Structures are given as C-alpha cells and as structure tokens.
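See structure below.
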Amino acid sequence: MRSQLALLQRELWEHRSIYVAPIVVALLMTLAALTGQVSVDGMDHIDMGIVGASNLPENARAVVLTGIMIGLSTTFVFAMLIMTIFYALDSLYAERKDRSILFWRSIPVTDFETVLSKLLTAMLVIPLVAFVMIVVTHLAVLLITSVWVGVRGGSGLHLIWASAPFFDNWSATLIFLLALPLWLAPFIGWFLLVSAFTKRSPFLAAFLPIAILPLLEKMIFGSVVFAEAFFARSIKMPLFIDLGTMARLFEEGENFSSLGDAELSLLGLMDLGGFLSNPGFWLGLIVCGLFTAAAIYVRRYRDDS
Amino acid sequence: MTSLVSARNVAKHYGAVRAVDDVSFDIEKGCITGLIGPNGAGKTTLLKAVLGLTDCQGSLSVLGLDPFRQRKELMQNICFIADVAVLPRWIRVNQLLDFVDAVHNNFSRKRAEDLLANTKIQPKAKVRELSKGMVTQLHLSIITAIDAKLLILDEPTLGLDIIFRKDFYGNLLEDYFNEERTIMITTHQVEEIENLLTDVMFINDGRIVLDASMDALPEQYVELLASSENADEARKLNPIYERDVFGKKVLTFEGISREQLTGLGELRTPDIADLFVAKVKGATA
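Going line by line, the protein sequences match chains Z and E. Residues 0 to 304, numbered by numbering that gives the first Met the number 0, are exactly what the first sequence covers, in order. Residues 0 to 284, numbered by numbering that gives the first Met the number 0, are exactly what the second sequence covers, in order.
As structure tokens, then:
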C-alpha cells in the first residue's frame, strides 16, 4: 500500500501536467468570467438581466445555473480526455526512452504494481484532480458573478448561492468523471499496452490501428463490427437515461414557462444501475484488463534495455 | 562461508546467439568479484539474470531466491548501479529519497542525507541539472544507505573523469563495503579495480574461462620475461600465451611452478589485464 501511494506520487512528479493543465484551465475560466463581467458592466441595460433573474422561479434559476456549471465543466472533461490519452501513451514509454527503466526495475516493486499505478493514475487520479478543479472553478465563477450582481444592486446570495443546485451538480459531475474512464477503459488499456511495446511514436502506433482496422474490415469482409464498436464506445455512454429526454429537458428549461414546478436534477438523468449492469461496460473492463495484463507481460519479459 | 549467488548450467539464448552458455559459479558472502570480459561476452546478460531482469535456463539462486520469479523480494536485498540504469532526469533529489524511503524497507534516509551532505548535490536539484559524475555519486549514496546484501555494478564509472572514478571506488570501500556485504562488478577499466577485488571471473563468448580468488592467482599463473634464446627453452613448458615487449618475450604459464622457470628470466605475477588477454587470446590461438 505504501509502495502504491509512492508510485502514484511518482506519477504526479513526472507528469506535472496532470494538475498543471486543470489549474491553467481553471485560471482561464476565472479570468474569462472576470473580464466578461467587467465588459458587460459597461452596459446599463444588463441590469435587466438581474431583474429578469429575480422574477424567475427558483427552479428555473437552478436550470440556468446548472447550464453555466455544466458549460464550465465541459472544458475540463475535454482537457481530461486529451490528458488521459497523452498520459497513458507516455506512461510506459518515457521510462524506456530516457533509459530509467532499469533503475525503476532495480527497486523492490513488481511490474504489476508499477503498471497498476499507471492505470490508477489514468482512471482515478486524473478524474479526481479534474473534479477538484471543477468545484474550485464553479465557486470562483459564481463568486465573481454574485459580487457583480451585488454591485448592480441584486442579491447574489439569493439569486445564485441559494439557487445553485451544488449537491446535485457536483455528485453528478463526480459520477460522470469516474464513469467516463471506466467506459473508455478499453482505449486506456490499449494505450498502456502500446506505450509498453512501441519502439517509437506511441501516438501513431496507438491510433493507426484504430483508424485502419475498420477500413480493412470493410474492405476485406464488408462488415463494420470494428467501426461500430469504436463508434459506440466513443459516443454512446449508457450512463444517462437517454439523450433525447435530456435535450428536451434543457429545451424546456430554456422555455421557463413550461417548466412548472419540476426540479431539474442531473442525478435524475443518470441511470447508474443501468450503467453498471450494462454488458458493454463489463466487456470493456475485461478488454482493458487483458490489455493491461499484456502491458505488464511486455514490461516484465522484454529485454532490450 | 555461504554462497550468495549460485549458478548451475545457466544459459541464455537470443535466437541462435548464446549470450550466456552453460555457466556455473558461486559467489561467497563478503567477496568483491570482478566479472571481466570483452564487449558482447555476456557480462551484462549474466548480471541481468542475477538481478532477475531476464529469464534464463539452468538453475540460478541469488540469496536463496529465484531472481526472475521473486524479483521483488530479491530487490529488497540487492542494489544495482549500471551505466544504463540511469536515474530519471525529471526527479528531484529529495523526491528520489522520498520514493526510495517508501518502497525500500532497508533504506536509511538519514544515512543518505549525511552522505549527500558531503557532496555538492543540493536536495532541491533535479537529476537533469547534475553532471554525470554527480548523478553517479547520488546513486551510490542512495545505495550505500540501503542495507543490501549484494551490490551489482555494471560499468558504474563509464564516462566519468578520473577524479570521480577514484572517489567512487574510494567511497565504495569506505562507506559501503563491509564483511556483511558482497559486490559483483564489471568494468573495462580493470586496472582501477584490480586492487579491490577478492575474486575474479573471466567471461568470453558466454563461457567462464577463469574463476579464481585473487590470492590464488600467483600460485596458478606466472609470467616470464625472457630473452629470445631462453624463450625457446621455456616454450617446452607450454605457455598459454606469448607476446613481445621491447624485443623480449613475455610468456604466461598456467599451473607451472616458479622453480621450473628459475634461471630463464624475470618472473612475476601477471596483472589482471594481461592475464585476461592471455586467457582469451591464448584460448583462440
């Protein structure tokens, strides 16, 4: 356990972008919020916004705030996906490239423990860091907004802090951030394996097969099993009740009059039980496990150092 | 004495190439064994097998463990410095100490810090900011602070200047070595370690051509510096190798007593480098 924590710590030392990138995104968002508020500050008619917000029912304000919070979170999710790809592809490649692998292997840690620490970093540490930075950004942006509202004579406390559905939003965000890498686990496992075996350019070695396999399959067999598997895996994450319902809820949210007294709940849009009992979810984890086992095997048996 | 490393018919093939070919030897506790061989002789492969970094045929036991299958347990008691096992360039000195402290049961952080305090290495420095000599110094300090039973050095001083090399071996003997510890070392700069060794092994083409204690060498091997006329007489005793030095003949004998050569010229014990050449070249001649 102590070794595993040290190994995870080592990943953060080596890959500082795991926390630097989300911090930069958070700063940019906060800066954008600051300058955005200052520039609208110049326009007098914007006070109408406060008046309008004050006249909205609380559940409608919650929808607007949820929209803002999701908008902020989305950037982090994209940053996290890109970072996970680069991290996983680098994780077992860098130590071979800089020839430090023999040092790491001269320490009483098994190849299993080492590769596990890389997998945990991709699946757990990166999402948790993203989550913390999302919460910080939400608070910073809402604080800036409420100060601005206060300066214009509105009540930030009432309009924002009392209306923002923090618990619902953050719980749903955390579940989503943890579920996403689990759903994309086959890709992460594949990236780890590529990173363990490739002699050069892990990026190419990882994405070329993903691009070429469906093409070859189509050309040789005329079928599209791979293409559909890749597509379904990248797009259709079975965590939400269904996208149509969600889109409709948001449209209704825009059209506040039709909302009535209904509460918008992001948690309510999620079907965690359905996600965890989805065969595709478990199949993905098995594929990830096989790729990871192969990565451990390659690290243990390859002998080119 | 107990055998720390025991190899019986150890072999490692890369395709048709026999990197290590049916090798058997023992290394006893408290010894400093030099493993000497030309490039490609199989030294590094043999060390890797001992370290459990590569699988091999035959039976190999290190500290009573199967190195490849019990590498983690083994690494609690083995340390390793190699020219190729470089420290990661991005790590800071204090991070490295933190890490080793967390994963190594036998590491004394205090001892490592004391040793580093005698150097110019700053705790906050990154490895990439250190010179090659300082990186080796750092590595040696960490390893000295690990209470390990066996230390394996594979070309540890390659690319270092003479001052660092002398310091390295000085520190190795002074701070690291004691009767509880055992060292296996390979290097091309044989002359520099000749005086530290208690045992020597020559390896060539994957096979061990000599395995002896340094104390036994003068009894087994003798070098005769003879004029050309005397050399003819001496050749009857079957020297294993012959070379010319300043118009004189130098003949190396194995298993010939010094009395038999008396009167034929000057007698001396060959140094390791000359003996190595004699054994390796003599075998092929």
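Every residue gets a Cβ at the ideal spot worked out from N, C-alpha and C, and that includes glycine. None of the values given here were measured: they were computed from a predicted structure.
ARG108(E) at chain Z interface by Cβ criterion, 7 Å: The count along the second sequence starts at 1 and reaches residue 108(E) at position 109. So, not an interface residue.
Own chain residues within Cβ distance below 7 Å of ILE145(E), not counting five before or after: For this step, residue 145(E) is matched to residue 146 along the second sequence. Once the five neighbours on either side are set aside, the close Cβ partners of ILE145(E) are CYS78, HIS103, ASN105 and PHE106.
Neighbourhood of GLN121(E) by C-beta, 8 Å cutoff - its chain only, sequence neighbours within 5 removed: As a first step, residue 121(E) is located in the second sequence; it is residue number 122 there, counting from the start. VAL92.
Cβ-based contacts, 7 Å cut-off: residues of the stretch 103-122 of chain Z near chain E: From the stretch 103-122 of chain Z, only ARG104, SER105, ILE106, PRO107, VAL108 and THR109 have a Cβ closer than 7 Å to chain E.
ALA78(Z) - DSSP class collapsed to helix/strand/coil: Taking the first sequence and counting its residues from 1, one reaches residue 78(Z) at position 79. In the three-state reduction of the DSSP assignment, ALA78(Z) falls in the helix class, which pools H, G and I.
Cβ neighbour criterion (16 or more within 10 Å) applied to LYS117(Z): Locating residue 117(Z) in the first sequence gives position 118, where the first residue counts as 1. It is buried - the Cβ of LYS117(Z) has at least 16 other Cβ atoms within 10 Å.
ILE162(E) versus ILE151(E), ILE184(E) and THR135(E), residue with shortest Cα-Cα distance: In the second sequence, residue 162(E) corresponds to position 163, counting from 1. When only C-alpha atoms are compared, the closest one is THR135(E).
Contacts of SER99(Z) in chain E (Cβ-Cβ under 8 Å): Numbered from 1 along the first sequence, position 100 holds the residue referred to as residue 99(Z). Result: ALA84, VAL85, LEU86, PRO87 and ARG88.
Complete alpha helix (DSSP H) runs within the stretch 138-196 of chain E (minimum length 4 residues, chain order): The qualifying runs are 161-170 and 189-192.
Span separating the alpha-carbon of SER222(Z) from that of GLY279(Z): For the purposes of this step, residue 222(Z) is taken as residue 223 along the first sequence, with counting starting at 1. For the purposes of this step, residue 279(Z) is taken as residue 280 along the first sequence, with counting starting at 1. Their Cα atoms are separated by approximately 20 Å.
ARG301(Z) - DSSP class collapsed to helix/strand/coil: Here residue 301(Z) corresponds to residue number 302 of the first sequence, with the count starting at 1. DSSP places ARG301(Z) in coil when its eight states are reduced to three.
Cβ pair count under 8 Å reaching 3, the stretch 225-233 of chain E against the stretch 57-65 of chain E: no
Which residues DSSP lists as bridging HIS12(E), in chain order: To locate residue 12(E), count along the second sequence from 1; it is residue 13. Bridge partners of HIS12(E): ARG17(E).
Ordered list of alpha helix (DSSP H) runs contained in the stretch 66-100 of chain E, each at least 4 residues: 70-74
ILE255(E), DSSP secondary structure in three states: For this step, residue 255(E) is matched to residue 256 along the second sequence. For ILE255(E), the three-state secondary structure derived from DSSP is coil.
Test: LYS148(E) CB closer than 7 Å to a CB of chain Z: Here the question's residue 148(E) lines up with position 149 in the second sequence. At a cut-off of 7 Å between beta carbons, LYS148(E) makes no contact with chain Z.
Listed by chain order, chain Z residues near HIS103(E) by CB distance under 8 Å: Numbered from its first residue, the second sequence carries residue 103(E) at position 104. Correct list: ILE106 and PRO107.
Three-way DSSP call (helix, strand, coil) for LEU289(Z) in this model: Along the first sequence, read from residue 1 onward, the residue named residue 289(Z) stands at position 290. Taken through DSSP and simplified to helix, strand or coil, LEU289(Z) comes out as helix.
Sufficient close CB pairs (3 or more, under 8 Å) joining the stretch 192-202 of chain E to the stretch 255-275 of chain E: yes
Same chain, Cβ closer than 8 Å to PRO213(Z), five either side skipped, listed in chain order: One-based indexing of the first sequence puts residue 213(Z) at position 214. If we look at PRO213(Z) and ignore the five residues flanking it on each side, its Cβ neighbours are VAL223, PHE225, ALA226 and PHE229.
For VAL297(Z), the nearest candidate out of THR109(Z), SER16(Z) and LEU207(Z) (CA to CA): Numbered from its first residue, the first sequence carries residue 297(Z) at position 298. The candidate whose alpha carbon is nearest that of VAL297(Z) is THR109(Z).
7 Å Cβ cutoff, ARG1(Z) in contact with chain E: Against the first sequence, residue 1(Z) aligns to sequence position 2. Answer yes: the Cβ-Cβ gap between ARG1(Z) and chain E drops below 7 Å somewhere.
Residue of ALA20(Z), GLY66(Z) and ASN54(Z) minimising C-alpha distance to THR83(Z): Along the first sequence, one-based indexing puts residue 83(Z) at 84. Cα-wise, what sits closest to THR83(Z) is ALA20(Z).
PRO217(E) to VAL208(E) span [Cα, whole Å]: Working through the second sequence from its first residue, we reach residue 217(E) at position 218. Working through the second sequence from its first residue, we reach residue 208(E) at position 209. Looking at the two C-alpha atoms, the distance is approximately 17 Å.
Supposed close pair ALA61(Z), SER162(Z) - CB separation, criterion 8 Å: Numbered from 1 along the first sequence, position 62 holds the residue referred to as residue 61(Z). Numbered from 1 along the first sequence, position 163 holds the residue referred to as residue 162(Z). Confirmed, about 5 Å.
Residue-level contact to chain Z via CB, PHE252(E), 7 Å cutoff: For the purposes of this step, residue 252(E) is taken as the residue at position 253 of the second sequence. Judged by the 7 Å Cβ criterion, PHE252(E) is not in contact with chain Z.
The beta strand (DSSP E) enclosing GLN121(E), as first and last residue numbers: As a working note, residue 121(E) is residue 122 in the second sequence. No beta strand (DSSP E) holds GLN121(E); DSSP gives it neither H nor E.
Closest by C-alpha distance to LYS235(E), when choosing among ILE255(E), ASP243(E), THR43(E) and VAL244(E): Taking the first residue of the second sequence as 1, we reach residue 235(E) at position 236. The option with the nearest alpha carbon to LYS235(E) is ILE255(E).
MET200(E) in three-state terms, based on DSSP: Position 201 of the second sequence, counted from the start, is the residue given in the question as residue 200(E). Of the three classes helix, strand and coil, the one that applies to MET200(E) here is strand, per DSSP.
Under 7 Å by beta carbon: chain E residues contacting ALA5(Z): Position 6 of the first sequence, counted from the first residue, corresponds to residue 5(Z). Going along chain E in sequence order, the residues near ALA5(Z) (Cβ under 7 Å) are PHE98, ALA101 and VAL102.
Beta-bridge partners of GLN209(E), as assigned by DSSP: As a position in the second sequence, residue 209(E) is number 210, starting the count at 1. Sequence check: residue 209(E) is Leu here, not Gln. Partner(s): PHE201(E).
As assigned by DSSP and simplified to three states, the class of LEU216(E): By 1-based counting over the second sequence, the position of residue 216(E) is 217. Helix, per DSSP.
Straight-line Cα distance separating THR172(Z) from PRO126(Z): Taking the first residue of the first sequence as position 1, residue 126(Z) is located at position 127. Taking the first residue of the first sequence as position 1, residue 172(Z) is located at position 173. Each residue's Cα considered, the two are about 10 Å apart.
Sheet register partners of ILE35(E) (DSSP bridge): If you number the second sequence from 1, residue 35(E) lands on position 36. Per DSSP, PHE201(E).
Under the three-state DSSP convention, the category MET0(E) falls into: Sequence index remark: in the second sequence, residue 0(E) carries index 1 (1-based). Its pLDDT being 47, under 50, MET0(E) is placed unreliably in this model, and the value from its coordinates should be taken loosely. Looking at MET0(E) - three-state DSSP - the assignment turns out to be coil, as it is neither helix nor strand.
Contact list for the stretch 157-190 of chain E against chain Z, Cβ threshold 7 Å: none
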